[in-house]
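Here the structure is laid out as structure tokens; the discussion comes afterwards.
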Amino acid sequence: MSGERRPPRRGTLGRVSARTYATLVIFFLFAPLLIVVAVSFSSTPNMNLHAGFSLRWYQQIATDPLVVAAFGRTALAAVCTAVISATLGLTGALGAVRLTRGRWRTAVFTIPLIPLAFPALLFGIGLATFYHAMGIGFSIWAVIAGHVILALPFVFLIMGAALERFRFSLLEAARDMGAGTFTIFRTITLPLLRPAVLGAMFLSMAISVDEFVIAFFTAGSQQTLPLVLYGRINLGVNPGLNAIGSVLLVVTMALAFLAARTSVLELP
Amino acid sequence: MTLATGVLPVAAEGTLPPLRSRSKARRERGSTAMLLAPSAIYFVLLFVVPLVVLLVYSFYTYQNFNFTAKLTLSNYTQALTSPALRDFYFRTLKIAFAVSIVVVLVSYVYSHILMYVLPRARRILYFLVLVSLFGGYLVRIYAWRTMLGRDGVVNSFLISTHVTSSPLSFLLNSNFAIVIALLNFLIPLGVLPIFSAMQNISPRLLEAAEDLGASKLRTVRTIVLPLTTRGIRAAFAFCFIATMAEWVTPQLLGGPLDQFVGNQILYEFGQTLNWPLGAAIALTLIASVVVILGALFGLLRLVTRS
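In order, the protein sequence lines correspond to chains A and B. In this text, residue positions in the first sequence follow our numbering: the first is -13, and each later residue adds one. In this text, residue positions in the second sequence follow our numbering: the first is 7, and each later residue adds one.
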């Protein structure tokens, strides 16, 4: 980096309008989320100025066996997705950075990213027809298998970035001193890549918890939390909805925050 | 590399010291393949194969709420010629264009502000967008339903500020609601690639332009804009693809006449159980998206070159 340059001078007017613009965008992005959380603590079913603070909706969903079961499944899916995609992503990225020649390297670094831009609807019905053709029933495991595909590109990007900074000479040194492949992996590669692995796992969990479309097509009767939310939205007004939504939001955001904190997503 | 730099602010390509003896090289080629194999097999088995199966199913014959493995082209003729589907398609296309253009504009200005006007707030402003990208797809859509309804916050606010005397009904179950919700979850997807493209511009170029006396507008037009076209293209493509294949938003926020192609696909899968037709509609949709984006970017290249 050539030294950070002083930003070009601007009139106060420019900065004030820039600040206003940025604030408005952030407000627009977060307004719906704040509303959902705010209403979830309201003592009346609707947003009402005279409503008091209450935890009744949280009590309600905490004693709702359907919601509790869905929460358990969502947690299971998140953990499994994280473990599987981190394992696959780490081995894949370790293999990918070894490639030096042009065409293969480009392919290996580009193809895994396709699911990022691929519409979830198509992947969802694709998976559903695939399971149908194979005679595999819809279940939470069917959902997890799909979530791994969605999480893999992110894991791959994060691992790729971490490996770019990785000092491979350390591995050579260890090998020259007689360390075996597994020892090297356990004592050098993994500890050094720990932040990336953890961050990738947090992000995979965030993706899985929040994911709706794939789960919609492949969960069958084993509903996840977003599916319960969707089902109840269609049933009409149900005050517990905001509490479910808030739980989902807080969990996803916390996981995304943790992923960013483990510094896998470089902040400018 | 095309997507890698566009999506997340991480570099995807590593560099390896190319110093290896030839005897080692052969051994390592084997272990490279072994490292790549698990993820490659998984990817093919659970991403490529399902799409191939979808393609095969799109040629199956549908009869009496069931389908058989008798191959036919009739699903595609139906997908391409049905006037009802054409309505769904053009409605979706119109909104996809509008939403993608607005997302690109809003994201571009936002990225510009982060990069050049408020550099000290850059980190936090970027972080907020990044976090909101991963937060609550369904929850957001549902939230707009509460906010834009008759008794929602937006109407309460408009009435209390005397902008309107009675609640506005066009806010919900309308194109308006769909567009607002789409913008709401797509703007982060637009900021990421555009900002990362802007970040990759060497500050020296801008210094040079300034030293040579170029106005700010001219610097943006001749340096920043041409060097961020890849980011703009990525942002536009993401939003366009996402909107073309969207179905949750129109279902929860649109009226019966505002439904997208995606809703029709869902209908074939869920209601009529005509999976072959649903698959045919979906694959025609994605093919048309690829053609449109290809033509658009090709045209753009022609225009900018001349």
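In this text, a Cβ means the ideal position worked out from N, Cα and C, and glycines have one as well.
As assigned by DSSP and simplified to three states, the class of residue i
i: asparagine 228 (chain A); result: helix
i: glutamine 69 (chain B); result: strand
i: serine 29 (chain A); result: coil
i: leucine 306 (chain B); result: helix
i: leucine 14 (chain B); result: Note that leucine 14 (chain B) scores a pLDDT of 48, beneath 50, so its modelled location is shaky and nothing firm can be said.
i: threonine 74 (chain B); result: strand
i: leucine 152 (chain A); result: The identity of residue 152 (chain A) in the sequence shown is phenylalanine, whereas the question assumes leucine. Coil at phenylalanine 152 (chain A), not helix or strand.
i: phenylalanine 39 (chain A); result: strand
i: asparagine 81 (chain B); result: helix
i: asparagine 269 (chain B); result: helix
i: glutamine 205 (chain B); result: helix
i: valine 183 (chain A); result: helix
i: serine 171 (chain B); result: coil
i: methionine 239 (chain A); result: helix
i: phenylalanine 163 (chain B); result: helix
i: aspartate 93 (chain B); result: helix
i: tryptophan 253 (chain B); result: coil
i: leucine 124 (chain B); result: coil
i: glutamine 277 (chain B); result: coil
i: isoleucine 238 (chain B); result: helix
i: glycine 0 (chain A); result: helix
i: valine 65 (chain A); result: helix
i: alanine 301 (chain B); result: helix
i: proline 105 (chain A); result: coil
Close-in-space but distant-in-sequence residues of the same chain around residue i (CB under 6 Å, 5 per side omitted)
i: valine 83 (chain A); result: Leu149
i: leucine 102 (chain A); result: Pro139
i: leucine 189 (chain A); result: Phe140 and Ala245
i: phenylalanine 198 (chain A); result: Pro212
i: alanine 128 (chain A); result: Tyr117 and Thr204
i: tyrosine 82 (chain B); result: Ala286
i: proline 15 (chain B); result: With a pLDDT of 47 at proline 15 (chain B), under the threshold of 50, the modelled position of that residue is not reliable, and no figure is offered here.
i: glutamine 265 (chain B); result: Pro256
i: lysine 76 (chain B); result: Thr67
When the options are compared against residue i, the one with the closest alpha-carbon
i: isoleucine 107 (chain B); options: B:Gly260, B:Ile247, B:Phe242 and B:Leu302; result: B:Phe242
i: phenylalanine 71 (chain B); options: B:Leu189, B:Leu79, B:Pro282 and B:Ser162; result: B:Pro282
i: isoleucine 111 (chain A); options: B:Leu302, B:Leu279 and B:Leu308; result: B:Leu279
i: methionine 204 (chain B); options: B:Val230, B:Leu154 and B:Val112; result: B:Val230
i: valine 137 (chain B); options: A:Phe104, A:Arg91 and A:Ala192; result: A:Ala192
i: glutamine 257 (chain B); options: B:Ser180, B:Met121 and B:Gly155; result: B:Ser180
i: arginine 247 (chain A); options: A:Thr115, A:Leu20, A:Met187 and A:Gly222; result: A:Met187
i: leucine 188 (chain B); options: A:Ala242, A:Pro18 and A:Thr86; result: A:Pro18
i: isoleucine 144 (chain A); options: A:Pro181, A:Val54, A:Arg5 and A:Phe13; result: A:Pro181
i: phenylalanine 133 (chain B); options: B:Tyr143, B:Ser117 and B:Val145; result: B:Ser117
i: proline 194 (chain B); options: B:Thr290, B:Tyr114 and B:Ala90; result: B:Tyr114
i: threonine 86 (chain A); options: B:Glu34, B:Val105 and B:Phe49; result: B:Glu34
i: alanine 104 (chain B); options: B:Glu274, B:Thr290 and B:Phe182; result: B:Phe182
i: alanine 288 (chain B); options: B:Lys76, B:Gln69, B:Gly36 and B:Phe65; result: B:Phe65
Neighbourhood of residue i by C-beta, 8 Å cutoff - its chain only, sequence neighbours within 5 removed
i: alanine 56 (chain A); result: Gln209, Thr210, Leu211, Leu213 and Val214
i: leucine 156 (chain A); result: Ile174 and Leu178
i: threonine 92 (chain A); result: none
i: serine 171 (chain B); result: Ile165
Sequence-distant residues of its chain with Cβ nearer than 7 Å to residue i (five each side left out)
i: leucine 306 (chain B); result: none
i: threonine 60 (chain A); result: Val195, Thr210 and Leu211
i: glycine 123 (chain A); result: Gly206
i: alanine 63 (chain A); result: Ile126, Val129, Ile130, His133, Ser194 and Thr210
i: tryptophan 43 (chain A); result: Ser26, Pro225, Gly226, Asn228 and Ala229
i: methionine 153 (chain B); result: Val159 and Val160
i: leucine 22 (chain B); result: With a pLDDT of 48 at leucine 22 (chain B), under the threshold of 50, the predicted position of this residue should be treated as unreliable, though the coordinate-derived value follows. Excluding residues within five positions, none has a Cβ falling inside 7 Å.
i: serine -12 (chain A); result: At serine -12 (chain A) the pLDDT is 44, less than 50, meaning the model places this residue with poor confidence and gives no usable figure here.
i: phenylalanine 275 (chain B); result: Trp281 and Gly284
Residue i at chain E interface by Cβ criterion, 8 Å
i: asparagine 190 (chain B); result: Checking the listed chains, one finds no chain E in this structure; the protein chains it contains are A and B.
heavy atom of the ligand NAP below 7 Å from residue i C-beta
i: alanine 103 (chain A); result: In terms of ligand content, the structure shown is empty, and the ligand NAP therefore cannot be addressed.
| field | Contacting positions in the stretch 3 to 16 of chain A - beta carbon closer than 7 Å to chain B | value | Of all residues in the stretch 3 to 16 of chain A, the ones placed with a Cβ closer than 7 Å to any Cβ belonging to chain B are Ala4, Arg5, Tyr7, Ala8, Val11, Ile12, Phe14, Leu15 and Phe16, in chain order.
| message | For the structure I just gave you, are there three or more beta carbon pairs, one from the stretch 227 to 240 of chain B and one from the stretch 191 to 204 of chain B, closer than 8 Å? | response | Touching, yes, given that three or more Cβ pairs across the two stretches are closer than 8 Å.
| Can you list, in chain order, the residues of the stretch 140 to 151 of chain B whose Cβ is nearer than 9 Å to any Cβ on chain A? | Phe140, Gly141, Gly142, Tyr143, Leu144, Val145, Arg146, Ile147, Tyr148, Ala149, Trp150 and Arg151: these are the residues of the stretch 140 to 151 of chain B whose beta carbon lies less than 9 Å from some beta carbon of chain A, given in chain order.
| task | Could you please tell me which residues of the stretch 232 to 253 of chain B, in chain order, have their CB closer than 9 Å to any CB of chain A? | result | Within the stretch 232 to 253 of chain B, contact with chain A at the beta-carbon level (separation under 9 Å) is assigned to Ala240, Ala243, Phe244, Ile247, Ala248, Met250, Ala251, Glu252 and Trp253.
| task | For the stretch 173 to 207 of chain A, enumerate the residues whose C-beta is nearer than 9 Å to any C-beta of chain B, in chain order. | result | The stretch 173 to 207 of chain A vs chain B, Cβ under 9 Å: Leu189, Ala192, Ile193, Asp196, Glu197, Phe198, Val199, Phe202 and Phe203.
| query | Residues in the stretch 85 to 108 of chain B with C-beta within 8 Å of chain A's C-beta atoms, listed in sequence order? | reply | Answer in chain order: no residues at all.
| message | Is it the case that the stretch 156 to 167 of chain B contacts the stretch 211 to 226 of chain B, given that we only count it when at least three CB pairs across the two stretches are under 8 Å? | response | Taking a cut-off of 8 Å on C-beta distances, the stretch 211 to 226 of chain B does not touch the stretch 156 to 167 of chain B, as fewer than three cross pairs fall below it.
| task | Give the residues from the stretch 79 to 93 of chain A that approach chain B closer than 9 Å (Cβ to any Cβ), ordered along the chain. | result | Residues Ala79, Leu80, Gly81, Ala82, Val83, Arg84, Leu85, Thr86, Arg91 and Thr92.
| query | Would you call the stretch 34 to 44 of chain B and the stretch 74 to 81 of chain A in contact, with 3 or more CB pairs under 8 Å? | reply | Between the stretch 34 to 44 of chain B and the stretch 74 to 81 of chain A, the count of C-beta pairs closer than 8 Å reaches three or more; the two stretches touch.
| said: Give me the subset of the stretch 290 to 303 of chain B whose CB atoms are less than 9 Å from a CB atom of chain A, sorted by chain position. | reply: Result list: Leu291, Ile292 and Val295.
| said: Would the stretch 162 to 174 of chain A count as touching the stretch 118 to 127 of chain B if we require 3 or more Cβ pairs under 8 Å? | reply: The stretch 162 to 174 of chain A is not in contact with the stretch 118 to 127 of chain B.
| What residues from the stretch 165 to 187 of chain B come within 7 Å of chain A, judged by C-beta to C-beta, listed N to C? | For the stretch 165 to 187 of chain B, which is checked against every Cβ of chain A, not one residue is closer than 7 Å.
| query | Listed from N- to C-terminal order along the chain, which residues in the stretch 229 to 249 of chain A have their beta-carbon within a distance smaller than 7 Å of any beta-carbon of chain B? | reply | So the close ones are Gly231, Leu234, Leu235, Thr238, Met239, Ala242, Phe243 and Ala246.
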